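According to the UniProt record's numbering, the sequence shown is numbered sequentially starting from 1.
We put the beta carbon where it would ideally sit given N, CA and C, even for glycine.
Keep in mind that this is a model prediction, so the values were computed, not measured.
Take a look at the structure below.
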Amino acid sequence: MRAEIEADPHFDAVVIGGGITGAGTFRDLALQGLRVLLVERADFASGASGALTRIAHGGFRYLERGEIALVRDSVIERDRLVANAPHAVRPISVVLPLSSWFGGLLGAPLRFLKLDRRKGGLPGIVPMAIGRRLYDALAGKAHALPAGRILTGQGLAARFPYLAGRWAGALELGEARILMPERVAVELIEDGVAAGSRAAALNYCAVTGVEDGRIVLHDALDGVTRSVHAEVVVNAAGAHADSVAALFGVEDKMTGGVAGVHLVLEAPRLAAALGDDLLFFEDANPDPAKRRLNIGYRLAENRVLLGTTESDCPDPDAARLTDEDVRYLRGALAAALPGLGVAEAPVVGHLVGVRPLVRSDAESLASRSRDHAVFVHRTPLPLVTIIGGKWTTFRRMAEDAADSVLGILGRTRRVSTRERAIGGGVGYPRTAADREAFVDGLAQDGISRQVAAELFARYGTRARDIAAWVRAHAGESGKAGTRLSAGEIAFFRAAEMAVSDADVIKRRSDAWQTLPADPADARQ
């Protein structure tokens with residue numbers, strides 16, 4: 001790939017940033033027939049795109065703020081993800097405990113109509129029931145997930161026994177879990193490279209400047225500094241978007257970085273209680289206006305993902321886990337679910353990311369919009385910056401950025417990504433019988449049916465390619481402490497540009513979720 005770039009360094013577009021938005025934009029532009037180069041200064045999806053809650057959701061809580069357009073886009077894109085990446089995005093039940101029947105009955109409508117900008121506490125059962133109907137309606141007729149419902153009394157005790165006795169009721173919603181968000185980004189990049197337009201992608205390659213209309217790149221893998229030419233550049237650098245824009249002469253401050261921390265707890269009792277559901281819960285701050293919603297769900301056997309904090313972070317490279325983060329998250333969950341061993345559950349891992357929200361004068365972090373924005377800069381080398389948004393809406397964000405590029409180049413869109421499958425979702429068998437048949441087809445030439453089923457569960461139809469590598473490396477040792485085989489690791493390094501162990505266990509697989517606690521491991 002590097003030799004091809006040196007032989008012909010001219011591209012229609014260069015995308016800077018290999019997170020989920022950059023990966024989606026890269027694929028979209030490549031599908032339009034453009035020759036595109038994607039560059040990422042570290043590994044793909046190594047920033048905020050891999051440090052999220054790992055839930056594709058419609059943003060139910062944004063309804064109270066009257067952000068109808070954002071919620072509608074989000075529920076539609078969530079359902080598209082379930083359809084286009086069924087191997088990586090799967091339905092999950094979300095439960096939100098409610099402490100009253102009528103709380104917020106007057107305040108919530110005022111906030112919805114934007115007549116009251118103050119943040120209120122969590123509404124009660126009655127206003128939530130009204131909001132739930134609107135939420136489901138926004139998904140339209142193509143709603144792919146079960147409709148929400150309100151549970152009280154015996155229904156609550158039967159469905160969520162760990163909530164019985166302490167809450168007036170609960171709202172249950174159908175959302176989706178992103179099993180490996182980092183891998184989705186990698187697969188988008190692979191799909192872009194395979195689109196047939198001589199597209200290329202480089203990780204560990206940083207943009208260091210612009211000279212005479214050419215983009216200067218420093219490649220950390222071979223130590224070479226190269227320059228490439230592009231008709232237009234897409235700045236999808238996330239929390240670093242302002243510093244990248246400055247290289248092109250843009251002085252505007254567009255981003256407002258917000259750091260978020262998630263913890264991984266070793267908590268067998270809590271994991272067993274949560275089962276396959278995701279818990280949304282409000283912290284116990286005595287001031288309702290300052291309360292935050294958090295999440296907890298079983299990430300892997302005996303392990304629970306708990307998050308998330310929010311704090312201003314003007315320097316994305318300075319984001320770190322703090323003792324206060326641990327105290328806050330543990331305390332919030334222990335107050336919501338006492339008696340399940342939360343206080344003594346050890347922290348065995350954590351995720352830290354900086355969300356690149358659109359810069360805002362909003363008084364609180366919680367009130368800042370999660371919508372995205374596209375900026376077209378009239379710089380000598382045309383620059384398009386895409387920031388904000390949610391992981392769930394990356395396809396829509398990429399579409400908007402790509403359409404801006406096409407407009408600058410005088411091109412028209414020829415391929416829609418709305419119903420286009422991603423990676424291991426291409427050709428995914430839709431019925432249980434077809435899925436069983438697919439696994440049967442993998443289980444041959446030395447691969448047991450159990451291994452075949454595990455490969456299919458992790459990689460979807462990409463398991464067909466990976467299985468060939470597993471057979472070729474049979475008998476070799478895999479990664480100690482994980483279920484990764486030598487063949488999988490070899491495939492990641494040869495075909496998916498994995499360089500370090502962290503690239504392998506965190507961003508090409510989910511092996512990090514079950515690793516022993518170690519301050520020096522790839523989760524830190």
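Closest residue to residue i among the options (Cα-Cα distance)
i    : options                   : result
C205 : V216, G196, R198 and S197 : V216
A48  : S369, C313 and A480       : C313
A334 : H350, A236, G349 and G307 : G307
A61  : I505, T322, A195 and V71  : Sequence inspection shows Arg at residue 61; the Ala mentioned does not correspond to that position. With distances taken between Cα atoms, R61 lies closest to V71.
R458 : R41, G424 and D440        : G424
V354 : G17, A13, L38 and L52     : L52
G131 : I68, A300, V82 and L270   : I68
R396 : D73, A23, F160 and E40    : D73
H350 : Q32, P516 and H218        : P516
D191 : P127, L122, P161 and A23  : A23
R292 : A468, E310, A220 and V304 : E310
R269 : D212, P338, L105 and G17  : P338
I408 : H372, K290, T514 and L383 : L383
G66  : R368, I466 and G124       : R368
S197 : L37, V304, V244 and N294  : L37
N285 : G121, A137, H372 and R435 : G121
G481 : W512, D465, F491 and A164 : W512
R327 : E182, E344, A490 and A433 : E344
A241 : D315, T392 and V426       : D315
A421 : L163, A137, A85 and A220  : A85
S243 : R214, V207 and A129       : V207
Opening and closing residue of the alpha helix (DSSP H) in which residue i lies
i    : result
S243 : A241 to L247
R327 : D323 to A336
V499 : V499 -> no alpha helix (DSSP H), and no H or E assigned at all.
T25  : I20 to L31
F491 : A486 to A495
A129 : I125 to L138
D43  : Looking at the DSSP string, D43 is not in any alpha helix (DSSP H), and its letter there is neither H nor E.
V465 : The residue you asked about is not Val; residue 465 is Asp in the sequence shown. Segment A463 to A472, the alpha helix (DSSP H) holding D465.
Sub-9 angstroms separation of residue i and residue j beta-carbons
i           : j    : result
T461        : H229 : no
R35         : H57  : no
S416        : V374 : no
V261        : R507 : no
L263        : R298 : no
F394        : E77  : yes
T25         : V234 : yes
D361        : I92  : no
A267        : V342 : yes
R370        : G19  : no
G441        : A474 : no
E231        : A13  : yes
I16         : A236 : yes
V352        : A259 : yes
I189        : V89  : no
H218        : V224 : yes
A176        : P356 : no
E476        : S509 : no
T379        : V504 : no
L81         : Y135 : no
P346        : L265 : yes
A336        : D283 : yes
F438        : W469 : no
A83         : E182 : no
residue 541 : N302 : There is simply no residue 541 to check, as the chain begins at 1 and stops at 524 in what is shown.
E454        : R435 : no
Element boundaries [beta strand (DSSP E), containing residue i]
i    : result
E282 : D277 to E282
E231 : T225 to N235
A373 : H372 to H377
V15  : H10 to I16
R355 : V347 to V358
L37  : V36 to V39
Heavy atom of the ligand GTP within 8 angstroms of residue i beta-carbon
i   : result
L52 : Absent from the structure shown: the ligand GTP. Ligands present: none.
Could you say if the segment 488-498 and the segment 185-205 meet the contact criterion of at least three C-beta pairs nearer than 8 angstroms? yes
task: Would you list, in sequence order, the uninterrupted beta strand (DSSP E) runs of no fewer than 3 residues that lie entirely inside the segment 384-459?
output: Look at the segment 384-459 and you find no whole run of beta strand (DSSP E) that is 3 residues long or longer.
query: Using 8 angstroms as the Cβ pair cut-off and three pairs as the minimum, do the segment 236-255 and the segment 372-390 touch?
result: yes
Quiz item: Can you give, in chain order, each stretch of the beta strand (DSSP E) that sits fully within the segment 58-102 and has at least 3 residues?
Solution: 89-98
Whole beta strand (DSSP E) runs in the segment 148-221 with 3 or more residues, listed along the chain? 149-152, 169-178, 200-202, 205-211 and 214-219
With a threshold of 8 angstroms, are at least 3 pairs of Cβ atoms found where one atom belongs to the segment 87-97 and the other to the segment 164-184? Contact between the segment 87-97 and the segment 164-184 is present, because at least three Cβ pairs lie under 8 angstroms.
task: Report the residue ranges of all beta strand (DSSP E) runs contained in full by the segment 249-319; include only those spanning at least 3 residues, in chain order.
output: 255-266, 277-282, 293-300 and 303-307
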